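Report on the following structure.
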Amino acid sequence: MPKVIMYSSGFCPYCKMAENLLRSRGVSEIQKIRIDLDPNQRIAMMEKTGRRTVPQIYIGEMHVGGYDDLNRLDHKGELLTLLTP
């Protein structure tokens, strides 16, 4: 399974929903980068993604986007394809 990285914050309901969706699809490890604890990580996230909101999710090298993007991929049946090695 490709590496999953999620930029998140401690009080973000969409981050929790994204984590729950990924876990329900078999993802056991999610590398979380807490932008609320490290302002430099927020800057890095914004430079990489062009977005200011969390979560921002990467599957392998692909920037999936936020929770709505992840959920849309799941409903289209494309999320499992991304998660399959």
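Quick note: the sequence shown uses the numbering used here, first residue 30, plus one each step.
Just so you know, even glycine gets a beta-carbon here, dropped at the ideal spot from N, CA and C.
All values reported here derive from a predicted model rather than from experimental measurement.
Taking DSSP as the reference, what is the three-state secondary structure of residue i?
i   : result
K61 : strand
S38 : coil
M30 : coil
Report buried or exposed for residue i, applying the criterion of at least 16 other Cβ atoms within 10 angstroms of its Cβ.
i    : result
Q85  : buried
L109 : exposed
S53  : exposed
E76  : exposed
S37  : buried
E48  : buried
Report yes if the CB atom of residue i is closer than 8 Å to the CB atom of residue j, and no otherwise.
i   : j   : result
V33 : I64 : no
L50 : L99 : yes
K61 : M35 : yes
Stretch pair the stretch 63-76 + the stretch 89-107: three plus CB contacts closer than 8 Å: no
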